[in-house]
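Trainee:
Protein chains: 2
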Amino acid sequence: MTPEQEPGATPSPALVFDLLMAHQRSAALCAAIELDLFRAVGEGPGDVASLARRCSASERGIRILCDYLTITGLLVKDAAGYRHTPTSAAFLDPRSPSCVASTARFLSLPAMREPFAHLADVVRKGGTTLEGDGSVEPDNPIWVEFAHSMAPMMAPMTAPLGAIVLDGLSGPVRVLDIAAGHGLFGIEVARQNPHARIVAQDWAPVLEVARANAVRAGVAGRFETLPGSAFEVEFGGPYDIVLLTNFLHHFDRPTCVGLLHKVHAALRPGGRVAALEFVPNEDRVSPPMAAGFALNMLASTPAGDAYTFREYESMYREAGFERMAAHRVPTGPHTVVMGERAAA
Amino acid sequence: MTPEQEPGATPSPALVFDLLMAHQRSAALCAAIELDLFRAVGEGPGDVASLARRCSASERGIRILCDYLTITGLLVKDAAGYRHTPTSAAFLDPRSPSCVASTARFLSLPAMREPFAHLADVVRKGGTTLEGDGSVEPDNPIWVEFAHSMAPMMAPMTAPLGAIVLDGLSGPVRVLDIAAGHGLFGIEVARQNPHARIVAQDWAPVLEVARANAVRAGVAGRFETLPGSAFEVEFGGPYDIVLLTNFLHHFDRPTCVGLLHKVHAALRPGGRVAALEFVPNEDRVSPPMAAGFALNMLASTPAGDAYTFREYESMYREAGFERMAAHRVPTGPHTVVMGERAAA
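Chains A and B supply the protein sequences, listed in that same order.
Residue 27 in the working numbering is what sits at position 27 of the first sequence, and the numbering runs on without skipping anything.
Residue 1100 in the working numbering is what sits at position 100 of the second sequence, and the numbering runs on without skipping anything.
See the structure below:
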């Protein structure tokens, strides 16, 4: 419960206006990224005139934007001008290897933003107002952009996921990475286990991004691709591990159970499935990022959700899995939901 | 300085994603207002099925929206469903006399939102990308919507403003309310001083809203209207008090000084001008609401700003005023900037 939610809290119109104006924070950050402002701040000098010149922008615009970014906690202002905070230096300056600025591109796609302009209609309908199946429409080109631009957001989750899925396994493993996207999760497993062979499944144009990443990571020799729909292609196998990263949340329960059945059949006895997911507590309102993710699924899919562990457990069980377990990923809002196919 | 801005702070990608997704908070609140959800929550029962029926919406949509509003601190969730927080009961339930839900209408107008979809262009240009002079284009119809829907946001500021401008004055006073909008500030002065006579200036269609409010407040007999542009109409006078509420921030310094000259000439010797304004500290990044308001002026006007007290003081002095003083309004983010015309 936040302080505002306590029964004795003082009613605050400021909270209401803060929420009504919250869209300006997204706009300011996206504008700064588009103007390459965080590179200019990092390289300095940080006075308004220099930043305006570097960003080919007006001084009035840069001054007001930088003040606003300071108010939101993303920059520091002093007599000499604007400087990075630890967060903007690490995650917004393109010179930083952990820069996540590219994620703004995916999150600003019309297909990602448009439903929020008509959210009342979405709530009335109970699902996306985007054409067809929205973000889960077959071969939707947004997933190529996702693979390109969201990789830095997912990168911190790859090492913990790799450690969790490989725990207790050694020697050669065959891994199926369903809806691989940028491919980073399978690639990380290949990095952590030099005998692992990865089969990455996704739409063909998306797999080009994954393959390029595998080449860059030096694991291309153990990285195959399997183009097509996860619901339609033959998975082959048997696999020791199947990864389902950021995928199940797009679908309703029957669709998830159907896919989990197919995954179960593709695993060797004793093999394991690992879903990387936004898993809220059973109250569905905590923790904030995992629970709040449900609104994205309402806006962009016909029937997706942020499922609780109990719901995943029930889907896994219905698909034949056992020994279900949840591992919170310490580096992000995600949880790895594990299940095993019974040993022979 | 927020914790994120300390030099030793741990860099946080969560802050970046929170800002990139912040637009969803505005969308969720606007959708809930449009669906009349806060009335349904207030009247109860607050279970998903009842709320969905009351809002003519889907259960999936209502559940996910209410969970999201709970995460943002606007509702409380328990086993029986969703309940008001003190804030949503007072400021979002239409049954409450202090409800500010109508402000979402003004803040969601395309003219208010559109520049934020192209904010990088606005920063490059240094002023609004809206047609003409944006929000300050003569006779812009947005000000009729403002007068209708923003009155509840301004209502808490009227009593303190009235007390400040009337302080030490008694008996009959003539008051000019420039850019009166909903008219509430002049009306409140008329309420606090039964001998006050108000002249409300604004575009004619806006003044219809102000007049209706004056009738409702029972002060219509002491309430005249003066239709036209503040820069062009004859003010008449002399006045004891001139109100400039939420007006000067739309314009550049020379325009403000020019108008203040005209105001000075319309005051009797010893008369006072009172601007209700967003006045940040000299650092321009605190307090957050007053300082952050500058971004609105960047987005919607050619050259407006959130001026500091030192800047207002200098404008007032150039226009002939003396005895400048700033009074923070305790009930909102505003400051009243006073100045006097020298006694004869």
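For every residue, glycine included, the Cβ atom is placed at its ideal position computed from N, Cα and C.
Please state whether the Cβ-Cβ distance between A/Pro115 and A/Thr103 is less than 8 Å.
Mentor: For the purposes of this step, residue 115 of chain A is taken as residue 115 along the first sequence, with counting starting at 1. For the purposes of this step, residue 103 of chain A is taken as residue 103 along the first sequence, with counting starting at 1. Going by C-beta atoms, A/Pro115 is not nearer than 8 Å to A/Thr103.
Trainee: Is the separation between the beta-carbon of A/Pro333 and that of A/Phe278 shorter than 8 Å?
Mentor: Here residue 333 of chain A corresponds to residue number 333 of the first sequence, with the count starting at 1. Here residue 278 of chain A corresponds to residue number 278 of the first sequence, with the count starting at 1. Yes, the Cβ-Cβ distance between A/Pro333 and A/Phe278 is below 8 Å.
Trainee: Mind checking A/Pro302: buried by the 16 CB within 10 Å criterion, or exposed?
Mentor: Sequence index remark: in the first sequence, residue 302 of chain A carries index 302 (1-based). By the neighbour-count rule (16 or more Cβ atoms within 10 Å), A/Pro302 is buried.
Trainee: Just the C-alpha distance for B/Val1199 and B/Arg1268, rounded to the nearest angstrom, thanks.
Mentor: In the second sequence, residue 1199 of chain B corresponds to position 199, counting from 1. In the second sequence, residue 1268 of chain B corresponds to position 268, counting from 1. When rounded, the distance between both Cα atoms is 15 Å.
Trainee: Under 7 Å Cβ to Cβ from A/Ala9, same chain only, skipping five residues before and after it: list those, please.
Mentor: The residue labelled residue 9 of chain A in the question sits at position 9 within the first sequence. Pro3.
Trainee: For the region 61-80 of chain A against the region 24-43 of chain A, are there 3 or more C-beta pairs whose distance is under 8 Å?
Mentor: With a cut-off of 8 Å, the region 24-43 of chain A and the region 61-80 of chain A count as touching, because enough Cβ pairs lie within range.
Trainee: Within the 8 Å Cβ cut-off, does A/Lys386 reach chain B?
Mentor: For chain A, the structure presents residues 1 to 344; residue 386 of chain A sits outside this window and is missing.
Trainee: Cα-Cα, which of B/Pro1287, B/His1250 and B/Arg1317 is closest to B/His1264?
Mentor: Here residue 1264 of chain B is taken as the residue at index 264 of the second sequence, counted from 1. With distances taken between Cα atoms, B/His1264 lies closest to B/Arg1317.
Trainee: Using a Cβ cut-off of 8 Å, pull out every chain B residue sitting near A/Ser58, in sequence order please.
Mentor: Taking the first residue of the first sequence as position 1, residue 58 of chain A is located at position 58. Under the 8 Å cutoff, chain B gives Val1123, Arg1124, Lys1125, Gly1126 and Gly1127.
Trainee: Could you name the residues of the same chain whose beta carbon sits closer than 8 Å to that of B/Thr1308, not counting the 5 residues immediately before and after it, in chain order?
Mentor: In the second sequence, the residue the question calls residue 1308 of chain B occupies position 308. Once the five neighbours on either side are set aside, the close Cβ partners of B/Thr1308 are Val1279, Pro1280, Asn1281, Glu1282 and Arg1284.
Trainee: Does the beta carbon of A/His23 come closer than 8 Å to any beta carbon on chain B?
Mentor: Along the first sequence, read from residue 1 onward, the residue named residue 23 of chain A stands at position 23. At least one chain B Cβ lies under 8 Å of A/His23.
Trainee: Considering only C-alpha positions, which residue in the set B/Met1021, B/Leu1207, B/Pro1013 and B/Phe1091 is nearest to B/Gly1042?
Mentor: Sequence index remark: in the second sequence, residue 1042 of chain B carries index 42 (1-based). Among B/Met1021, B/Leu1207, B/Pro1013 and B/Phe1091, the Cα nearest to that of B/Gly1042 belongs to B/Phe1091.
Trainee: Which of the three DSSP states, helix, strand or coil, is assigned to B/Pro1227?
Mentor: Indexing the second sequence from 1 puts residue 1227 of chain B at position 227. B/Pro1227: strand per DSSP, three-state reduction.
Trainee: Taking 8 Å as the CB-CB limit, is A/Ser12 close to chain B?
Mentor: Position 12 of the first sequence, counting from 1, holds the residue named residue 12 of chain A. A/Ser12 counts as touching chain B.
Trainee: What residues in its chain sit with their C-beta under 6 Å from that of B/Ala1220, if we drop five residues either side in the sequence?
Mentor: Looking up residue 1220 of chain B in the second sequence gives position 220. The answer, listed in chain order, is Ala1214.
Trainee: Given this structure, state the Cα-to-Cα distance separating A/Gln201 from A/Arg211, to the nearest angstrom.
Mentor: Locating residue 201 of chain A in the first sequence gives position 201, where the first residue counts as 1. Locating residue 211 of chain A in the first sequence gives position 211, where the first residue counts as 1. Answer to the nearest angstrom: the Cα atoms are 11 Å apart.
Trainee: Can you pull out the residues from the region 1131-1154 of chain B whose beta carbon lies closer than 8 Å to at least one beta carbon of chain A?
Mentor: The residues in question are Met1153.
Trainee: If we cut at 8 Å on Cβ distances, does B/Ser1352 have a partner in chain A?
Mentor: What the structure shows of chain B is the stretch from 1001 to 1344, and residue 1352 of chain B is not part of that stretch, so it cannot be assessed.
Trainee: Given A/Ser229, which residues of its chain have a CB within under 7 Å of its CB, disregarding the five upstream and five downstream residues?
Mentor: Reading the first sequence from its first residue, position 229 is the one you call residue 229 of chain A. Cβ neighbours of A/Ser229 beyond the five flanking positions: Pro138.
Trainee: Under a three-way DSSP split, which group does A/Ala14 fall into?
Mentor: Within the first sequence, residue 14 of chain A is the residue found at index 14, counting from 1. Of the three classes helix, strand and coil, the one that applies to A/Ala14 here is helix, per DSSP.
Trainee: Against chain D, with Cβ distances strictly below 8 Å, would A/Pro160 count as a contact?
Mentor: Here the protein chains are A and B, and chain D is not one of them.
Trainee: Taking 8 Å as the cut-off, does the region 1182-1189 of chain B touch the region 1248-1261 of chain B (at least 3 CB pairs, one atom from each stretch)?
Mentor: Not touching, per the Cβ criterion.
Trainee: Output yes or no for whether 8 Å exceeds the beta carbon distance between A/Val336 and A/Val329.
Mentor: On the first sequence, residue 336 of chain A is found 336 positions in, with the first residue counted as 1. On the first sequence, residue 329 of chain A is found 329 positions in, with the first residue counted as 1. Yes, Cβ-Cβ distance for A/Val336 and A/Val329 is below 8 Å.
Trainee: Taking a cut of 9 Å between CB atoms, which residues from the region 251-285 of chain A lie near chain B?
Mentor: Residues Pro280, Asp283, Arg284 and Val285.
Trainee: Between B/Leu1051 and B/Phe1017, what straight-line distance do the alpha-carbon atoms span, to the nearest angstrom?
Mentor: In the second sequence, the residue the question calls residue 1051 of chain B occupies position 51. In the second sequence, the residue the question calls residue 1017 of chain B occupies position 17. Roughly 31 Å separates the two Cα atoms.
Trainee: Any C-beta of chain B sitting closer than 8 Å to the C-beta of A/Phe116?
Mentor: Against the first sequence, residue 116 of chain A aligns to sequence position 116. For A/Phe116, the answer is yes, since a Cβ of chain B falls inside 8 Å of its Cβ.
Trainee: Counting Cβ pairs, one atom from each stretch, are 3 or more of them under 8 Å apart for the region 104-111 of chain A and the region 156-169 of chain A?
Mentor: Contact fails: fewer than three Cβ-Cβ distances are below 8 Å.
Trainee: Terminal residues of the continuous alpha helix (DSSP H) containing A/Thr103?
Mentor: For this step, residue 103 of chain A is matched to residue 103 along the first sequence. Element bounds for A/Thr103: Thr103 to Leu107.
Trainee: Quick check: what's the CA-CA separation for A/Ser149 versus A/His182?
Mentor: By one-based count along the first sequence, residue 149 of chain A stands at place 149. By one-based count along the first sequence, residue 182 of chain A stands at place 182. For A/Ser149 and A/His182, the distance between alpha carbons rounds to 9 Å.
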